[in-house]
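Residue numbers (my numbering): 1 to 85.
Quick notes on the structure that follows.
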Amino acid sequence: MPPYRVLIAKEVIASLGNCSRREKLLITRLFDELADDPYRAGDYVERDEIGRPIQVLVVGRFALWFWSDHAVKEVKVLDLTSAGR
Numbered sequence: 001m002p003p004y005r006v007l008i009a010k011e012v013i014a015s016l017g018n019c020s021r022r023e024k025l026l027i028t029r030l031f032d033e034l035a036d037d038p039y040r041a042g043d044y045v046e047r048d049e050i051g052r053p054i055q056v057l058v059v060g061r062f063a064l065w066f067w068s069d070h071a072v073k074e075v076k077v078l079d080l081t082s083a084g085r
């Protein structure tokens with residue numbers, strides 16, 4: 001199966017500025033992993049305003065929020081927050 005496209009919200013790109021070099025490397029590698037495995041489960045699941053499951057992966061001191069849109073073969077990265085939030 002060809003990899004999915006990973007679409008990253010501009011707020012996530014801005015949040016990368018708060019990450020250490022090592023954290024940036026881990027997070028950007030994670031984008032590639034999500035493209036190759038869009039069925040990957042998060043560490044936990046939250047629901048958005050329409051009830052869609054949003055996967056949340058903890059990466060160091062950050063939480064990466066995403067969902068996979070299998071109809072169009074895209075992983076949508078929505079947010080990067082402090083994992084303690």
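The C-beta atom is built at its ideal place from N, Cα and C for all residues, glycine as well.
Point to revise | Same chain, Cβ closer than 7 Å to residue 55, neighbours up to 5 away in sequence not counted | key: So the qualifying residues of the chain are 41, 42, 45, 66, 67.
Check your understanding: For residue 74, does the three-state DSSP call read helix, strand or coil?
Key -> Of the three classes helix, strand and coil, the one that applies to residue 74 here is strand, per DSSP.
Check your understanding: Hey, would you say residue 77 sits closer than 8 Å to residue 9, going by beta carbons?
Key -> Yes.
Check your understanding: CA-CA distance, residue 58 and residue 24?
Key -> 13 Å
Review point. Can you tell me the Cα-Cα spacing of residue 49 and residue 22, whole angstroms?
Key: 33 Å
Check your understanding: Grouping DSSP H, G and I as helix and E and B as strand, with all else coil, what is residue 52?
Key -> coil
Check your understanding: Would residue 19 pass as a contact of residue 13 if the rule is Cβ separation under 8 Å?
Key -> no
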